[in-house]
Structures are given as C-alpha cells and as structure tokens.
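Undergrad: After the structure tokens below, expect a handful of questions from me.
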Amino acid sequence: MTRATSAIRAAVVLLLLVVVLAPLGILIVTSLSRAWFYPAVLPAALDHSAWSDLIFDPAHRAALLNSLVLGATTAVVATTLALPLGRSAALSTRLVRRSVALLAFTAVALPPVALGAGLQLTVLTLGLGGTITGVFLSHLVPALGYLTLVFLGVFTRWDLRLEETAATLGATGVARWRLVLLPLLRRPIVEALALGFLVSWAQVALTLLVGGGAVRTLPLDVLAMLQSGQDQRAAAGALALAIPALVVLGASRVAARQTAAVVA
Amino acid sequence: MNSSRASGKRTALPLLLAGALLGVPIAAGVGYTVAGALGLVGNAAPGGLLRVLDDAAVLRSAMLSLWIAAAGTGIALVGAVSLALLFAGHSRLDAIARSTAALPLPVPTVAAAVAVLLLLSQSGWFSRVAAQLHVIARPADFPALVYDPIAVGVIAAVVWKELPFLLLVALSLQSLRGDALTSAARTLGASPWQTVRLVTLPLLMRGMAPSIIAVFVFVLGSLELPLVLAPSSPLALPLLIQERRQALDAASRGDAYVIALLATALALAAAVAHEWLRGDE
Amino acid sequence: MPSDVRRRGVLAALLIAAVAGGCTAVPAPPTAAELARMPWDSVVARARGTTVVWRMWRGDPSINAFVDAWVAPRVLKEFGVTLRAVSGQGNELVDQLTVEKEAGARTGTASLLWINGETFSALRTRELIAGPWSQVLPSAVAVDSASPIISRDFERDPAGYESPWGTVQLALIYDSARTPAPPRTVAELAQWIRAHPGRFTYDQSFSGITMLKTWLYALNGGAATFAGGFDSTKYVAGRTRLFAFLDSLKPSLWRQGTQYPADVAALHRLFANGEIDFTFSNNQNEAVTKAMQGIIPATSRALVFRDGTIANAHYLGIPFNAPSAAGAMVVANFLLSPEAQLEKQRPSVWADGTVLRLGKLTPEWRLRFDSVVNDRRLVPPESLRIYARPEVAAQYHERLQADWRRMVR
C-alpha cells in the first residue's frame, strides 16, 4: 500500500468518524440545552429538563412503553410466522420461491401512505381502530415482508442433508428441530428478532395512519415535539430512539458471533 | 407418501401461508386505494387519471421524490462501494472504518432527520460555526440545505442512513465471491485498478442490484424524511398524497388515491425488477 | 391426522374467529343528544369510570401541560373520568371520522374534539358530530352568549353542537431588541417587508391562513365586505387583490417566497434563530408564554394591526360515535367552570381568553380574572377589543386555503 493510499484511508476514516458521530453529537447537546438560539455554538447553560420530562412525564413513558411492547411483539410474532413461511417456500418449487419473495418484497416496498389507508379501514372494520393491537397488525406487514426475505435466504442456502442424516439416525421431527435445526438457526433467528423489533421501533407512517393519533409511540412523540417547537425534547426523544436500536443491533451481533463460535 | 402428494404439499403450504400473511394485508391496502380512486370509499369523488397527470404540482412532486430517491441511493452506492474497496482488508483501521460506517444502520429515520435539521438548517450548528468564524454575517448567507427545492438535507439524511446498509451488502458480496475471481485476475496479470474495473465492480453491481432497488423504493415512499426536512414547494409525493387525501373537496381526495395508485404501481414494478435481478440465489 | 391438514384447520379456525369477533354486535352508548334530555346528575353518574379520549391540537406544550397536568387529574378526582388527550385537528379529524363512519364503527376512539371554524362546518355538514348538547351544561349559563365572536363560529350558529372553550386574537410577534419600531398596519408591514427582504414569511397551517384572511379584510374594505354568508363573486374579487398583494411581496419574502414553513412551530423557530424578524400567532399572548418556555427570545412582544386582526373562539365537540359522550359533556362542563377558565388565562399557563361573561360571575371571581390580565407584557385588552375583527363564513377559509396552495405556493 502506497503512502498516498494510506493517507487517503486515514483521512477517510477521520471523515467517517465526523460524519457518523456529528448527528449523534448534536442530538446530545440539543437535548441538554434551553433557549439555544443562533448564533451560539454552545448552549449558555446545561439544562436537563428535556430528559427529566422524557423519563418522568407519564405520557412520554406511555409512548415509550407502547414502542417497546409493539417492538417486542412484532419481533416475536413476525419471526414465528416468517420462519415456517420462508422455509416451506424455500424448499418448494422455484416458482413458489420466487412468488413468495415477490410478495414479501412488495409488502416492504409499498409506500406506507398507499398501504396505510387500506389497513386503517381493515383495522376499523375489525373493531381495532385506534388501538395498539391495530397498530401492531399494521407493523406486522413490513416486518413479515423483511423477515420472510431473510428466512427465504437462509433456507435457500440450507443443507438438507443434516436433517436427512438425523432422520436416518432415528431422530423424530421434534428431536430434529431441537438438536439440528434450532442450533443452526439460532443466529438467523436472533437477527430476525432484531430486525423485526427495529422495523416496528422505527415505524412512523403506519402508526400515524392506522393509529389515528390515538396510539402514541416514541417516534411519533419525537415528531410531535418537533412540530410543537420543543427541539430539546425532540432531540432527547431521538436519542432515546437511537440508543436502544444501537444496543439491539450490537447485542444481536454479539449473540451471532457467539453462536458462530459455538457452531464452529 | 407418493411424489405428487408430496409436491402438492410442498406448494400448497407456502402459498397458503404467504396468501394469508402477506397477500391479505397487501390486498386490503391496495384494494382500498383502488376503491378510493374509483370514488367508492373515503368520501371521494372518482379521481381523474388524466387530470392528475396533467397537474403540474403532481408532476413536480413526483420529480422531487424520484430525484431524492435516485440521488440519495446513487451517492450512498458510490460511497458504499468506495468504502468496501478501500477498507476490504483485515487491519485495525479497516475494522474501525467498517464499524464506524455501519453505526447509523439501526438508527431510526426520524432520529436522523431531526439531527440533520439541527445541523444543516440556515440557523443550524454548521451555520453558527460559520457565523462565529465570520465566514457569514447572517443566517440567510448560509446555503439553504433544508426546505430547499434540491432537497440537499433530505439527500444527506438518506445517504447517512442507507450507506451503511449498502456497505454491508457490498462487504458480504466481496467476502462471498470476491477473492477467487480477483486472485485469478491478478494471476493473469491485471493491475489493481484493472481488477477493480473489470472484475470487482461488475460483480458488486450485479450482486447489489436488488439492494439498490430496495433502498430506492424505500426512500421513495418514506414519509418522515420529507415531513421534517423537505421543501413545501415542490411537495414530496407522500406529503402531497396525504394533503390531498385530507382535503375537504371530494375531487382532490379521489385524485390523492389515484396518485397513491401510481406510486403503488411504481413500487410493484420495482418489486418485479428486484425479484428478476435477484435471480435464484 | 396428517400435519398439513391439521395446520390448515388451525388457520381456518383462526380466520373464522377473527371475522366473528369483528361482527359481534356491540350496544351503542347513549348519544350526546339523548344525554342532553336527561337530568344532569344522571349524565355525571354515567360519566363516572369512563375514559374520554380528547382529540386536540398538540402543537403547543403549554396547552398540553394545562390539559395533562391540571385538567386531567381534576376531572379524575372530581368526576372519575380518565382524560387522555391525543393529537388530531382540522382536516385530519374530519378525515378520520369520515373513515370511521364508513367502516361502520359504532364506537370510535375519541369522545371529545377541539374544533372551530371550517372544521366545525365540515363536521356538521357531514353529520359527524353529535348534538345538540352544550345548552344543558350547568356552567353554560355564565357564557358570554351575546358576544358575536362566541355566538357565531365562522358565521355559523353552534346551535348546541359545540361548547365554547376560549377566545384568541391574531397578533404579530416581534423582538423588541431587534425591531424597536415595528409596523402597526398592514401597509406599514408591506413597506417593512420590502425594506428588509428575506426577513418575513408566513406558515401554511391555520395561523398562516388567519394572517392571510386578516390581510384579505384590510385590502378589501374590512371584514364587513365578506360578512353575511359566502359570496363567490366577492371572494374572487377579494382573492385577486390579496394574491396581487402577495405577488408584489413575494421577492421580498423569506426564500423569495418559494418556500413556506409547514406550521407555526417552524415559523417560531425561524424567528427565534433570527432567520426572520416576525412571527405571529392566533393567540395574542404567545409572545409571553413562548418566551417563558424558552422557545422565543425573552424580548419578544406582540401587537395587533390597527387595520384589525381576527378574533375568534374555539370550541369543543362530541363525535357521532363517541364511546363516552357523558364523560365528554362532564369534561366540557368542567372546562367552562370559572376555575378552569381562570387557570387557562394565566400567562404562566396558556393566556387563552375566557368565554365567560365576567358580569355574570360573583365579585370575587371578577377580581381574580381582572388581576390575571394585568401582566405588562400582554397586549392590553382594550387594544384587543378595538381592533378585533370577526371571522366570516367557513367557505372563505376553505377556498382561500385551497387556492393558496394551487396558485401561490
């Protein structure tokens, strides 16, 4: 590697650090400020009211709880449903595989404003309008789309011989799952759970359209804070959104690495 | 079990599951949009396709959204590929670069949008630094990066969010297939740059094509980014649809559903393209 | 039995259960009109233990704090009603209720709505709100029903379909440190804008349209020109003058009039950060309340144009499918009480005008109300009264908004 290349690489890494960390930095400083107007580069004094509001205000806590419950439920249900769907499709004919992949991608690609109005009507007809269950059902759509694609990918590259060998050695269906499939699937399942959680956690458009304003989640709260001029609370909320997401992804990667080590 | 029953089982179950879990909600969503366009629901009058296509505001909105998606995806792609090539090795610096670049991946879009607003607006942090350094005298001297018709701020947020994703795809493609072919090319006497140009890049592009489409279509339909950062004129397409859907006159509402259908058609076309490019991996 | 058949059976059972669940008949709760025919004690008794979801504009933290931290605990304690305020206003509300009506949702989500003007008009026309009910509220006797601003909502008689809650008046907000000699009339403002290009703009939401209407009156001989129902000819003539005025100002506006902030919060943000030198609000006291919250500089002051600015009232309505109309009526009644009206008027809380006629209250209450409006930084009540102009028919508002989007933006 030439000196020029090394210099470029070092410069790029520096640039990367700035570009990636600057948005997080501004959120932190703004969340701790008050009446921080142009052209002040730093706030005059630090103020924790945005954070104490976020933690102690019952309405914000309710929004945070809603987001957590929705995220966890979406993750578990979407994974549970997408796994058999992805597997059965992957082990089926080529046409079926492609059709299911197309359907799954469509669920993800459809613009939420187009999808949301129809889902809203469906949810209302089921008597779930403005409830968290209705919003959960709407989150399930893109989550299922993403996770079906994930499991389709996993099972397309699957080596059936492991299961067949286990069957030849006398393992029953349940035992095959327990001893062969699940250990191998631990990493994709963990990644699917993380992805399902993130899809619901970050969701804005569907929650707005299907929840009709009655179901408050953390991202909706962030928008509401911004649209009511409370930038500090919006910044605190945005960090509260970003940090668990980073944690969830980090944890899933650690778990994946551990599994890989175990399986290897 | 004989083979015909076995193959019947193999196709029936996935199709049934996919139909129930994915097909039904998609049909419900798209169906309502169609019904709205025909004036059957949503207290709308039948939308006019020709009227919509003739409406300059709609065209400008579509152009803006397409521009944001194309520019954002394009810049993110160039950045991701460059980083994948530059930091393909195993040194400490490579690991740091890859981890840093992947950091924005899980951050929700709305959080990124808020941060970009606080940094890039004419009274944002960068503008304030410029003011302190006496490079500018007032906020209006700072370039308009937010609420601007070129949507620089939106594109910046898109790149920040989507580059990590494309980088991960590029890296995984490289590790899966890159090595054998590149070493073959080098053995045959190709220079590093030739290898990149004739082997690595085409490989990456072909492998990344489905992901590029995925990012493009996701950005196209995103509501929260334009809500926070985009200009009021032209209005981003999802916002235009929302505005007209809630308009008090029935004709506008029908038109909103027509526009939503056009956006849906585009998404479906993208889905087909995505599947076709994916091949049978 | 074979696992694939079993799996299909489970799925079918789930689908049937889902459909059946949606079709179960739910007895409809009594409507507001029915409750209005019952004795008040009966309404209060029915309200106890219910939850009232109140769809209101949540774009102001001080209003949110008043509702969440002052009103909600009190209605819970006194009446056993759980109040939950959620976001929803204007076209969004009309849209939501339309969809709910279409879906045949017998009971909706919200029981109480914060509305006025064109929203009320649209809801009434489409039969999306319940009534009449507001005339039976015990606190309603103290309402200033003689006031033209309260007795007519955009020239439409509430007729018991909405209960008055507060009054506001549009005011221009400026920073006394930056702009020691602000313009006092619309003509002076236009002059100022041309002399200081790029330092003024208006927003796209209801405060922006109210400012446009204020200019519409000023340019066309006053509010009286448009009084007495919607007249298309008058509207078009008025709009032509207004849009010509806007056109002449366009190059001198912020971003050369090519971009407009989406809502009043974005407008305040531009003002606070010195990108523009004026902001405004439907609430004349926002200069004080927002400064207290640190959203705009402490040196901010408000003024009303000598040409007049629009004063209007805002109200509470009950949707046709309210789950707890009784709870909503109890809350509306509480909000009309002198206690709640006074609290709302405090500058430290919201500084929203009262709808009560002080003459109908006891001397102690009159004293308390008088002391609250004495803050030096507030616009003097006399100024407000002299320069107040009424709203005109809702159709002017709707047409103006649609035409502005089509022709100006």
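For the record, the sequence lines run as chains A, B and C.
When the count follows the numbering used here, it moves up by one through the first sequence with no breaks and lands on 278 for the last residue.
When the count follows the numbering used here, it moves up by one through the second sequence with no breaks and lands on 295 for the last residue.
When the count follows the numbering used here, it moves up by one through the third sequence with no breaks and lands on 479 for the last residue.
Beta carbons are placed, not taken as given, at the ideal position from N, Cα and C, and that holds for glycine.
(1) Between which two residues does the alpha helix (DSSP H) containing B:Ser-96 stretch?
(2) Give me, in chain order, the residues of the same chain whose beta-carbon lies closer than 7 Å to that of B:Thr-196; leave out the 5 immediate sequence neighbours on both sides.
(3) Per DSSP, which one or two residues make a beta bridge with C:His-384?
(4) Tell me which same chain residues have a C-beta within less than 7 Å of the C-beta of A:Val-262, skipping the five on either side of it?
(5) Would you call the region 274 to 289 of chain B and the region 155 to 164 of chain C touching, i.e. three or more CB-CB distances under 8 Å?
(6) With 9 Å as the C-beta to C-beta threshold (strictly closer), list the residues of the region 220 to 236 of chain B near chain C in chain order.
(7) For C:Val-256 and C:Ala-288, which I take to be in contact (beta-carbon distance under 8 Å), what is that distance rounded to the nearest angstrom?
(8) Under a three-way DSSP split, which group does C:Leu-153 fall into?
(9) For the region 235 to 248 of chain A, which residues have a beta carbon sitting closer than 9 Å to at least one beta carbon of chain C?
(10) Check C:Arg-254 in the structure and name its three-state DSSP category.
(11) Using CA atoms only, rank isn't needed, just tell me which of C:Phe-341, C:Gln-415, C:Ser-394 and C:Val-462 is closest to C:Thr-379.
(12) Cutting at 7 Å between CB atoms, please list the residues of its own chain near B:Ala-158, excluding the five before and the five after it.
(13) Starting from the C-beta of C:Tyr-385, find all residues in its chain whose C-beta is less than 7 Å away, skip the five residues before and the five after it, and write them out in chain order.
(14) Answer yes if the region 203 to 221 of chain C comes into contact with the region 99 to 106 of chain C, meaning at least three C-beta pairs across the two stretches below 8 Å, and no otherwise.
(15) Using alpha carbons as the reference points, say which of B:Leu-251, B:Asp-162 and B:Ala-41 lies closest to B:Ala-70.
(16) Check whether the Cβ of C:Ser-157 lies closer than 9 Å to any Cβ atom in chain D.
(17) Among B:Ser-189, B:Glu-176, B:Val-231 and B:Thr-47, which has the Cα closest to the Cα of B:His-104?
(18) Quick one: what's got a C-beta closer than 6 Å to C:Phe-276's C-beta in the same chain, skipping five residues either side?
(19) By DSSP's criteria, C:Val-123 is part of a beta bridge. Which residues make up the other side?
(20) Which same chain residues end up closer than 6 Å to C:Asn-444 when comparing Cβ atoms and leaving out the 5 residues on each side of it in sequence?
(21) Would you call the region 142 to 161 of chain B in contact with the region 47 to 62 of chain A, where contact means no fewer than 3 C-beta pairs closer than 8 Å?
(22) Check whether the region 148 to 158 of chain C and the region 23 to 38 of chain B touch, using three or more Cβ-Cβ pairs below 8 Å as the test.
(23) Closer than 8 Å, Cβ to Cβ, to anything on chain B: give me those residues from the region 235 to 269 of chain C, in chain order.
(24) B:Gln-146 versus chain A: which residues are under 8 Å apart at the beta carbon?
(25) Count the other CB atoms within 10 Å of the CB of B:Ala-198; is the residue buried (16 or more) or exposed (fewer)?
(26) Rounded C-beta distance between C:Val-454 and C:Val-374? I'm assuming under 8 Å.
(27) Per DSSP, what kind of secondary structure is C:Ser-370 in: helix, strand or coil?
(28) Measure the CB-CB distance between A:Thr-136 and B:Gly-43 and report whether it falls below 9 Å.
(29) Which residues mark the beginning and the end of the beta strand (DSSP E) in which C:Ser-351 is found?
(30) Whose CA, out of C:Gly-119, C:Val-137 and C:Pro-109, lies closest to the CA of C:Leu-405?
(31) Determine the chain C residues that contact B:Arg-259 at a beta-carbon separation under 8 Å, and present them in chain order.
(32) Would you say A:Phe-119 faces chain B, with C-beta separation under 9 Å as the test?
(33) In chain A, which residues lie less than 7 Å from C:Ile-365 when you measure between Cβ atoms?
(34) Could you tell me whether the Cβ atoms of B:Leu-133 and A:Ile-40 are closer together than 9 Å?
(35) Please name the residue in C:Gly-387, C:Val-306, C:Ala-192 and C:Ala-368 whose C-alpha comes closest to that of A:Arg-48.
(36) By a C-beta neighbour count over all protein chains shown, 10 Å radius and 16 as the cutoff for buried, is C:Lys-320 buried or exposed?
TA: Straight from the coordinates:
(1) 70 to 100
(2) Thr-209, Val-213 and Thr-214
(3) C:Gly-236
(4) Ala-208, Phe-211 and Leu-212
(5) no
(6) none
(7) 4 Å
(8) strand
(9) Ala-238, Met-239, Leu-240, Gln-241, Ser-242, Gly-243, Gln-244, Asp-245, Gln-246 and Arg-247
(10) coil
(11) C:Val-462
(12) Gln-136
(13) Ile-185, Asn-186, Phe-190, Asp-223, Pro-228, Glu-232, Ser-233, Pro-234 and Trp-235
(14) yes
(15) B:Leu-251
(16) Checking the listed chains, one finds no chain D in this structure; the protein chains it contains are A, B and C.
(17) B:Ser-189
(18) none
(19) C:Arg-154
(20) none
(21) yes
(22) no
(23) Gly-268
(24) Pro-53 and Val-55
(25) exposed
(26) It should be noted that the sequence gives Leu, not Val, for residue 454 of chain C. Correct: roughly 6 Å between the Cβ atoms.
(27) strand
(28) yes
(29) 348 to 351
(30) C:Val-137
(31) Asp-165
(32) yes
(33) Gly-243
(34) yes
(35) C:Ala-368
(36) exposed
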